[in-house]
Each structure stands twice: as C-alpha cells, then as structure tokens.
Amino acid sequence: MSDEKEIETLANVIEGFKPGKPLKHYITHAVFPKFKSIAPGTRIDFDFPLTALVGANGIGKSSILHALWGMPFGNSTHKFWFATALDPISTRRGSPQRYFYGHWNESYNGTVETRKARIGKKADYWEPYRLSEADGMKALPDAAFEGKDADRWNPVKRKVVYVNLKAAFGSFDRYFYFDDFDKNDEMRKVMQLEARRLKTIKESGRQSYKLGPGIERLFENRDLRKNDELPQVCRILGRTYESARLIKHSLYPGARGRDMSVVFRRGAEYSEAFAGSGEIAAVRLVTEILNAEPYSLILLDEPETSLHPGAQRAVLRFLLEQIKLHKHQVVLSTHSPEFLNGLPDNAIKVFEDNGSGLARVLPQSSPSAALIRLGKVPSQKVRVLVEDELAALIASHASKTLDPGDVARLEIRVSPGGGDHMLKYSGPLYMDAQQPVCLMLDGDKKRVQTFSDPATIAPADHEALSQRLKDELGVDPLFNIPGGAGTAEHKTAKVNSQLGYLAWLRKRVAFLPQKLPEQILLEHYEPGQGHADNTRDEVKEALVHLVTEGEDVGEYGAAEILTWAKLKIAKIPANNSDISAIRSQLKTWLENI
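With our numbering applied, the sequence shown covers 64 to 656.
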C-alpha cells in the first residue's frame with residue numbers, strides 16, 4: 064500500500080480515538096492566560112491525536128512545544144525558557160507567567176485541569192499552582208479522586224519525547240562545523256583519532272569506553288536492524304540499507320554532551336561524516352519514537368528539516384502508524400504541506416499576528432488555507448461556474464465566511480450558455496482537460512438526488528449509458544471520442560468517457576438549494592409567501608418588487624437589478640440555511656480538489 068493510501072486509512076482509524084478510549088493520559092487542551100508572546104486567553108484544543116502547529120518564523124510554535132514539554136509531572140518549562148540579563152522574563156506580582164491544560168484522569172473518568180506557573184523558590188522553576196476560576200478553569204469536584212489535592216489537580220504523569228530536527232547533527236558535523244579551530248591540521252588529527260576509537264567500538268561491540276579518570280564516554284552502541292528501526296529508516300528515505308549501527312558517545316573534545324554517530328552499509332560502509340543530513344535526521348526520529356513508551360507525548364520541532372518531500376510523507380505515515388499501535392499523542396511544528404495534507408482541519412492550528420504583536424491561534428484550517436496564510440501563492444485555483452450573475456453574487460457571499468486562505472483559492476465565474484450548455488459541452492471538456500473546475504447549477508436542473516455510481520454499473524448495462532446520462536442530466540453530453548462511430552475502439556472509448564463523466568459529475572457538480580437563485584433572496588426576506596412554487600417569470604417579477612421595495616424607480620435594466628440585489632444579499636446572515644448549504648459545498652470542493 065502506498066504512503067498516500069496508508070495516510071488516508073490511518074487518519075480515518077485514529078480519528079475515532081478518544082481521550083481515555085484508548086488515549087490514556089491524553090492532553091485535551093491548553094490555555095495560556097499569560098505566556099510569552101501568546102495572546103492572553105489563547106486556547107488550543109487537541110482534537111486529533113496528531114496536531115500540526117503552522118505559522119511564520121518567530122510566531123510562537125516552538126514556545127507551545129516547550130510549554131507542552133513542561134506540563135507532565137516532573138517536567139518544567141524552564142528547561143527551554145529561563146531569564147537572563149539580556150532576556151528577562153516579565154513577571155508581575157499576582158500575575159505570573161502561567162498556563163493550564165486539560166488531561167484525561169482515569170479515576171475521575173473525565174478531563175481535569177492543571178495549572179503551572181513560574182512561581183517557585185527557584186526563579187525559573189514552574190510549579191503546579193492552585194486552581195483559578197478567574198483564568199477560566201473548571202471548579203474542583205467535591206468527591207475524592209486519585210490525583211486530586213485540596214486546591215488543584217496534580218499534573219498528568221506521562222513520558223515526553225522531544226525531538227528538534229533543526230538541531231539533528233551527527234557527531235562529525237557537530238564538531239567540524241561548530242567548533243572553532245584556527246589550525247585545520249589539529250582538527251583533522253582529532254577527527255582521525257576519534258574515528259579510530261569509534262571503529263574499535265563498532266567492531267568490538269563494546270558497551271563501555273572510558274577516557275581519563277574513569278569518565279564514561281560511551282552511552283549506546285547497537286545494531287539498528289533490530290526492533291524494526293532500520294526497515295522504518297529505509298522506508299522513509301526510499302532506499303535499502305544492509306545495516307546501520309547507532310553509537311552515542313562523547314569522544315570528541317569539549318563539554319559536548321552526547322554526540323550521535325551512525326555507521327551505514329549500503330554497498331560500501333560509511334559513517335555519518337559522509338552520510339546525508341537526511342539520513343541522520345531519519346535515524347534520530349525513528350529511534351527516538353520507536354523507543355518511546357506507549358501513551359507518550361511526542362513533540363517534534365520542524366520534522367521536515369533535511370528530508371525530501373517523499374520522505375516527509377513517509378514520516379507522516381510513520382507517525383500515524385505509531386499512534387495507532389502505541390496510542391501516542393503527537394504535536395509538531397511545521398512549514399511543510401507534506402505534514403498537513405491528509406490531516407483533518409481540526410488537526411491543523413494556524414498561528415498568526417493579532418495586530419498587536421501577539422500570536423493568536425486559529426482552531427482549525429484546511430492544509431491549503433494554512434499555507435496561503437504563510438504567504439504561499441495558490442498553485443491552482445478552484446473555479447466554480449454558475450449560470451448567471453445573481454448566482455455568482457450569492458455564491459461569493461456564502462464564501463466570505465470561509466477561511467481567508469480558502470477564499471484565496473476560490474474563483475467564482477458565470478459560464479456562458481446556461482445549465483444545459485454546461486452539462487452538455489463544458490463538463491466533458493473540463494473532465495478531459497483535468498482542470499479544477501466545478502459546476503454549481505440552479506436547482507431546477509436537478510433531476511436525480513445523486514448521479515449514478517459508475518462502479519456499480521455492470522458491463523451488461525453499458526449499452527444503456529447514453530439513455531442513463533440523458534435521464535439524469537436532461538441532455539446528451541458531447542464527448543471527444545477517437546475512431547469512427549462504428550468501430551469497436553470508438554464504442555469502448557465512448558463507454559469509458561460515459562463512465563468517467565458519471566464519476567466526474569458525482570464530484571464536481573452540485574445544485575443551488577432553491578430552483579432559482581432569486582428564490583434564495585425571496586425565501587429569506589419573504590418566507591412562506593409561496594415563492595418556491597411560482598414560475599420563473601413570477602419569481603423574477605417578485606425579486607424586482609423586493610429589491611425596489613415596491614417603489615417606482617423609473618427605467619431600469621439588469622445591471623440596476625443586480626446592484627440592488629447585491630445590497631440585499633449582503634444582509635443575509637451567514638447562518639441562513641441556503642447560504643450555509645452553498646458554503647458547505649464550496650468547502651467540500653476546496654478540500655477534495
């Protein structure tokens with residue numbers, strides 16, 4: 064199965080996962096009354112087990128990951144955010160930096176809320192803090208439950224895995240590019256010495272290596288062919304490795320912490336010194352996640368770093384798969400469409416400036432709208448064709464409450480020739496051209512509730528396809544079919560075109576909720592007056608009476624009527640049932656084309 068199909072299947076499966084069933088210790092939401100440059104009161108709901116944070120550089124995505132890291136028991140956000148002389152942290156007495164979050168409590172069998180604030184004796188330490196209804200927290204229940212104290216709920220207990228792919232370097236690169244040596248020869252000698260030590264460690268399989276006064280310099284040395292790690296790396300990178308060995312150490316000079324070396328075999332053997340940065344990124348991501356405990360909180364900062372688009376899609380598939388298998392919760396920051404496409408809208412949280420220098424978070428967004436908000440120019444607009452100018456005005460009005468990114472992708476135009484012409488000529492043309500075009504026809508063109516599904520039409524019924532199309536459309540569509548009319552090739556091509564057109568109609572054709580666009584205005588402003596049963600001429604006359612408010616306006620033409628109608632359309636509320644139906648259809652097209 065391809066990554067694309069697996070992503071779709073996995074997303075559908077885990078969309079049914081709920082806090083507690085089966086997502087234990089799940090963080091359901093986070094609220095930020097006062098936290099860094101996040102707008103006060105900002106709330107993020109984690110409606111889907113994988114949440115993507117999208118926004119411009121410096122908007123606060125990593126800050127949210129740092130807050131999430133500090134939420135569970137035993138963790139503190141000060142690991143990532145602490146005061147210095149250059150960067151003091153603003154704290155006002157009685158209003159410390161703080162956040163609270165909802166998490167599933169097994170004993171309570173529901174979501175409880177815990178608050179953490181920067182109030183400890185150590186200036187940068189974040190401690191659990193008493194409940195605050197002023198911050199918007201839920202009141203404590205009277206009964207006793209595990210995890211409940213007199214004035215608060217204790218933090219959730221779960222493991223956190225934090226992987227910053229922006230800082231995923233092999234030990235060679237970390238030493239070569241980030242240590243400052245005046246003498247290149249000295250650097251080369253050091254690297255040659257450490258390479259010999261690493262070779263000894265690799266070939267001997269030893270699990271300990273000490274230098275100087277008994278200081279341990281080897282922390283991990285293992286074969287990645289075990290535990291499904293190397294197969295996952297191979298699938299992500301789209302290439303086959305015979306073997307790979309991971310070595311974590313501190314053999315290079317300086318107080319460097321733990322470095323990571325990887326020795327690959329793919330035909331020849333080579334270390335991370337000659338590996339691509341994407342290979343190192345894939346190894347780090349896979350090994351960290353496959354070794355995470357079930358129900359872990361996994362935080363990824365820009366996982367697209369160093370990975371090509373196909374590898375990014377494979378990582379998304381891998382993450383969804385691990386959520387399904389081990390019930391993890393994943394939150395990642397990204398600028399890449401490859402980590403957004405295939406996710407439900409409520410999994411995508413868009414960060415943007417609120418106009419006052421603070422970040423606000425939109426609760427949901429389509430992948431394309433999220434990227435357009437980042438400044439990406441739509442590569443292809445979705446064009447919606449309607450029968451007349453009035454229908455175009457109504458459809459445009461319905462689109463105004465869509466996400467601005469979706470509106471930027473939408474183009475509503477009037478098609479010349481009317482509905483029958485669109486179904487007979489335009490539809491087959493756009494189908495053959497594979498253009499992102501949809502038809503929204505007047506409701507009086509609707510002859511069937513749903514167009515026939517070509518997958519359910521038996522070969523024995525192919526002879527009747529022409530009549531079936533005519534019955535469902537009211538016209539006989541014109542296809543561009545090669546070969547003479549009597550040839551077998553022509554007949555086969557015609558059947559394929561007819562079946563293809565039925566499939567196209569099911570996805571690309573919809574109808575206004577009223578027979579005529581005029582009736583949408585009339586039913587809103589004059590409900591119950593029988594306009595739905597009137598003839599076309601009666602409806603048009605009623606519209607003129609409506610938009611002129613019964614006044615004698617002298618001579619007028621179609622342009623004047625449209626201008627007056629536009630004023631009336633602008634006053635129809637967004638929750639009007641007809642407007643809502645049109646908007647829903649537009650959104651469906653934007654999400655699926």
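Glycine included, C-beta positions come from ideal geometry on N, C-alpha and C.
Note to self: I'd like the span of the beta strand (DSSP E) that includes F111, first residue to last.
What the structure shows: Numbered from 1 along the sequence shown, position 48 holds the residue referred to as residue 111. Per DSSP, F111 belongs to no beta strand (DSSP E) and is neither H nor E.
Next item on the list: Would you kindly report the start and end of the unbroken alpha helix (DSSP H) that includes K570?
Entry: Position 507 of the sequence shown holds residue 570. First-last of the alpha helix (DSSP H) with K570: 551-571.
Check: V219 and H166: beta carbons closer than 8 Å?
Finding: The sequence position of residue 219 within the sequence shown is 156, counting from 1. The sequence position of residue 166 within the sequence shown is 103, counting from 1. Yes, the Cβ-Cβ distance between V219 and H166 is below 8 Å.
Next item on the list: Please state if the CB of G123 and the CB of K99 are separated by a distance shorter than 8 Å.
Entry: Here residue 99 corresponds to residue number 36 of the sequence shown, with the count starting at 1. Here residue 123 corresponds to residue number 60 of the sequence shown, with the count starting at 1. Yes.
Notebook entry, point to check: Do you know how far the Cα of C501 is from the Cα of V602?
Noted result: For the purposes of this step, residue 602 is taken as residue 539 along the sequence shown, with counting starting at 1. For the purposes of this step, residue 501 is taken as residue 438 along the sequence shown, with counting starting at 1. Going from the Cα of V602 to the Cα of C501 covers about 26 Å.
Item checked: Cβ-based neighbour list, Y188, same chain, cut-off 7 Å, excluding 5 preceding and 5 following -> Taking the sequence shown and counting its residues from 1, one reaches residue 188 at position 125. Excluding residues within five positions, the ones whose Cβ falls inside 7 Å are S139, H141.
Checklist line | Member of T72, L382, I310, P82 whose CA lies at the smallest distance from the CA of E283 | finding: Within the sequence shown, residue 283 is the residue found at index 220, counting from 1. The shortest Cα separation from E283 among T72, L382, I310, P82 belongs to I310.
Next item on the list: From the DSSP output, read off the bridge partner residues of D416.
Entry: Against the sequence shown, residue 416 aligns to sequence position 353. According to DSSP, which records beta bridges pairwise, D416 is partnered with A422.
Checklist line | Secondary structure of N655, DSSP reduced to three states | finding: Here the question's residue 655 lines up with position 592 in the sequence shown. Helix.
Check: Within this structure, are the beta carbons of A345 and L300 separated by less than 8 Å?
Finding: As a working mapping, residue 345 is identified with position 282 in the sequence shown. As a working mapping, residue 300 is identified with position 237 in the sequence shown. A contact, by the Cβ cut-off of 8 Å.
Margin query: Which same chain residues end up closer than 6 Å to L528 when comparing Cβ atoms and leaving out the 5 residues on each side of it in sequence?
Written below: Looking up residue 528 in the sequence shown gives position 465. For L528, where only same-chain residues beyond five positions count, the Cβ hits under 6 Å are Q561.
Item checked: Helix, strand or coil at E356 according to DSSP, with G and I counted as helix -> Indexing the sequence shown from 1 puts residue 356 at position 293. Residue state, collapsed to three classes: coil.
Check: Do you know how far the Cα of F514 is from the Cα of S478?
Finding: Locating residue 478 in the sequence shown gives position 415, where the first residue counts as 1. Locating residue 514 in the sequence shown gives position 451, where the first residue counts as 1. Cα-Cα distance, rounded: 22 Å.
Margin query: Quick check: the Cα distance between F80 and L86, rounded to an integer number of angstroms?
Written below: By one-based count along the sequence shown, residue 80 stands at place 17. By one-based count along the sequence shown, residue 86 stands at place 23. Their Cα atoms are separated by approximately 7 Å.
Check: Going by DSSP, which residues form a beta bridge with H166?
Finding: Taking the first residue of the sequence shown as 1, we reach residue 166 at position 103. BP columns for H166 point to I90, V175.
Notebook entry, point to check: Is DSSP giving P479 helix, strand or coil here?
Noted result: By 1-based counting over the sequence shown, the position of residue 479 is 416. Correct three-state label for P479: coil.
Notebook entry, point to check: Helix or strand or just coil, what does DSSP make of M134?
Noted result: The sequence position of residue 134 within the sequence shown is 71, counting from 1. DSSP, read as helix, strand or coil, puts M134 in coil.
Notebook entry, point to check: Where L73 and A410 are concerned, what is the direct C-alpha to C-alpha distance, given to the nearest angstrom?
Noted result: Position 10 of the sequence shown, counted from the first residue, corresponds to residue 73. Position 347 of the sequence shown, counted from the first residue, corresponds to residue 410. The C-alpha of A410 is placed about 14 Å away from the C-alpha of L73.
Margin query: As a quick exercise: from S489, T114, I343, G275, pick the residue whose alpha carbon is nearest that of A307.
Written below: For the purposes of this step, residue 307 is taken as the residue at position 244 of the sequence shown. Measuring C-alpha to C-alpha distances from A307 to each of S489, T114, I343, G275 identifies I343 as the nearest.
Next item on the list: Assuming R359 and V223 form a contact by the criterion Cβ under 8 Å, report the distance between their Cβ atoms to the nearest whole angstrom.
Entry: Counting from 1 along the sequence shown, the entry for residue 359 is found at position 296. Counting from 1 along the sequence shown, the entry for residue 223 is found at position 160. The residue asked about is misnamed: residue 359 is Ser in this sequence, not Arg. That belief holds up - the Cβ atoms of S359 and V223 are roughly 7 Å apart, short of 8 Å.
Margin query: According to DSSP, is M503 part of a helix, a strand, or is it coil?
Written below: As a working note, residue 503 is residue 440 in the sequence shown. In the structure shown, M503 sits in a strand (DSSP, three-state: E or B).
Next item on the list: Consult DSSP for W627 and reduce its assignment to one of helix, strand or coil.
Entry: Start at 1 with the first residue of the sequence shown, and residue 627 comes out as number 564. Residue state, collapsed to three classes: helix.
Checklist line | Proximity winner among L453, D205, A432, relative to V445 (alpha-carbon distances) | finding: Position 382 of the sequence shown, counted from the start, is the residue given in the question as residue 445. Of the listed residues, the one whose Cα sits closest to V445 is A432.
Item checked: Close Cβ partners of L606 (< 6 Å) along its chain, the five nearest in sequence each way excluded -> Here residue 606 refers to the residue found at position 543 of the sequence shown. Around L606: E581.
Check: Taking all protein chains shown into account, do 16 or more other C-beta atoms lie within 10 angstroms of the C-beta of T350, making it buried, or fewer, making it exposed?
Finding: Within the sequence shown, residue 350 is the residue found at index 287, counting from 1. It is buried - the Cβ of T350 has at least 16 other Cβ atoms within 10 Å.
Next item on the list: Evaluate I278 with the Cβ neighbour count: other Cβ atoms within 10 Å of its Cβ, from every protein chain shown; 16 or more gives buried, anything less gives exposed.
Entry: By 1-based counting over the sequence shown, the position of residue 278 is 215. Exposed, by the Cβ-count rule.
Checklist line | Buried versus exposed, by CB contacts within 10 Å (16 or more), E552 | finding: By one-based count along the sequence shown, residue 552 stands at place 489. Exposed, because fewer than 16 other Cβ atoms sit within 10 Å of the Cβ of E552.
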